[in-house]
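In the working numbering, the protein residues as written are 39 to 221. Ideal Cβ positions, reconstructed from N, Cα and C, are used throughout, including at glycine.
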Amino acid sequence: MKLRLLILILIVSFNARGQMPLSYEQLLENTPEISFTDSLLIDAQIKEVPALDSASVKKWFSTILPAGSKNRLKNRTYAAVGKITSQPNFDLFVLLEEKKRTDSSGVQVVYFITLKKDGQFIAKLEAAVNGERKQSGYNITSLLCKDYKIVQDSRITVNDKSYTDMTYYKINGGGRFILYPKE
Numbered sequence: 039m040k041l042r043l044l045i046l047i048l049i050v051s052f053n054a055r056g057q058m059p060l061s062y063e064q065l066l067e068n069t070p071e072i073s074f075t076d077s078l079l080i081d082a083q084i085k086e087v088p089a090l091d092s093a094s095v096k097k098w099f100s101t102i103l104p105a106g107s108k109n110r111l112k113n114r115t116y117a118a119v120g121k122i123t124s125q126p127n128f129d130l131f132v133l134l135e136e137k138k139r140t141d142s143s144g145v146q147v148v149y150f151i152t153l154k155k156d157g158q159f160i161a162k163l164e165a166a167v168n169g170e171r172k173q174s175g176y177n178i179t180s181l182l183c184k185d186y187k188i189v190q191d192s193r194i195t196v197n198d199k200s201y202t203d204m205t206y207y208k209i210n211g212g213g214r215f216i217l218y219p220k221e
């Protein structure tokens, strides 16, 4: 009986595979398309989005994971909020990262990530941040315009002092985020 159980365990362990990441086509298929007519406001207060599996996050979005950490996904979840595939040279993904703390506080970060049409990484931008950490609070939002210009409004509080800033970007034809002066 013990021998049969041992053989069964060996067979199951040989047949067991690790979690397979989604292919780029599957990632595109599983992510909803974002459509907008004039502009789109992105903030980090997104609710009810299904999480991506860790293998897919590591394969397609590894550049946003913290460097130097052995367990880079610990206390973090990632979800593909949406995509814009209307550009001929790149796809724009909106990715949500939730950082959970043991004291029930957390930070939500929304990234704009551009990938080539075959899934190769091009660039990333922190589009929105919301949450508190120690003695600082973050509220950053971005407005994505139809011409792929981005207006980022940053409101940060550190030690009871408030800082505000407006930053302007443009996504060029190659999918890079270019800092540009206010027009």
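*Just the C-alpha distance for Tyr176 and Ser200, rounded to the nearest angstrom, thanks.*
Stepping through the sequence shown from its first residue, residue 176 is reached at position 138. Stepping through the sequence shown from its first residue, residue 200 is reached at position 162. Answer to the nearest angstrom: the Cα atoms are 10 Å apart.
*asked:* Need the endpoints of the beta strand (DSSP E) that Leu182 sits in, please.
replied: Within the sequence shown, residue 182 is the residue found at index 144, counting from 1. Segment Ser174 to Cys183, the beta strand (DSSP E) holding Leu182.
*Cβ pair Lys162, Asp129 closer than 8 Å*: Counting from one through the sequence shown, the residue named residue 162 turns up at place 124. Counting from one through the sequence shown, the residue named residue 129 turns up at place 91. No, they are not a contact pair.
*Verify whether the separation of the beta carbon atoms of Gln190 and Thr205 is less than 8 Å.*
Counting from one through the sequence shown, the residue named residue 190 turns up at place 152. Counting from one through the sequence shown, the residue named residue 205 turns up at place 167. Their beta carbons are under 8 Å apart, which means Gln190 touches Thr205 by this criterion.
_On a Cα-Cα basis, can you pick out the residue from Lys137, Gly157, Lys208 and Gly144 that is closest to Phe131?_
As a first step, residue 131 must be located in the sequence shown, where it is residue number 93. The shortest Cα separation from Phe131 among Lys137, Gly157, Lys208 and Gly144 belongs to Gly157.
_For a minimum of 3 consecutive residues, which ranges assigned as the beta strand (DSSP E) are wholly contained in the region 60-121?_
77-80
_Less than 8 Å between the beta carbons of Thr179 and Asp81, yes or no?_
To locate residue 179, count along the sequence shown from 1; it is residue 141. To locate residue 81, count along the sequence shown from 1; it is residue 43. For Thr179 and Asp81, yes; Cβs fall inside 8 Å.
_From the DSSP secondary-structure annotation, give me the bridge partner or partners of Ile216._
Walking along the sequence shown from the start, residue 216 turns up at place 178. According to DSSP, which records beta bridges pairwise, Ile216 is partnered with Lys208.
*Would you report the Cα separation of Gln64 and Lys121, rounded to the nearest angstrom?*
Position 26 of the sequence shown, counted from the start, is the residue given in the question as residue 64. Position 83 of the sequence shown, counted from the start, is the residue given in the question as residue 121. So the two alpha carbons sit approximately 13 Å from each other.
*Could you please give the first and the last residue of the uninterrupted beta strand (DSSP E) stretch that includes Gln190?*
Working through the sequence shown from its first residue, we reach residue 190 at position 152. Run containing Gln190: Lys187 to Val196, per the beta strand (DSSP E) assignment.
_In this structure, how does DSSP classify Gly157 when only helix, strand and coil are distinguished?_
Against the sequence shown, residue 157 aligns to sequence position 119. Of the three classes helix, strand and coil, the one that applies to Gly157 here is coil, per DSSP.
*DSSP state of Ser200, grouped into three classes?*
Here residue 200 refers to the residue found at position 162 of the sequence shown. It is a strand residue.
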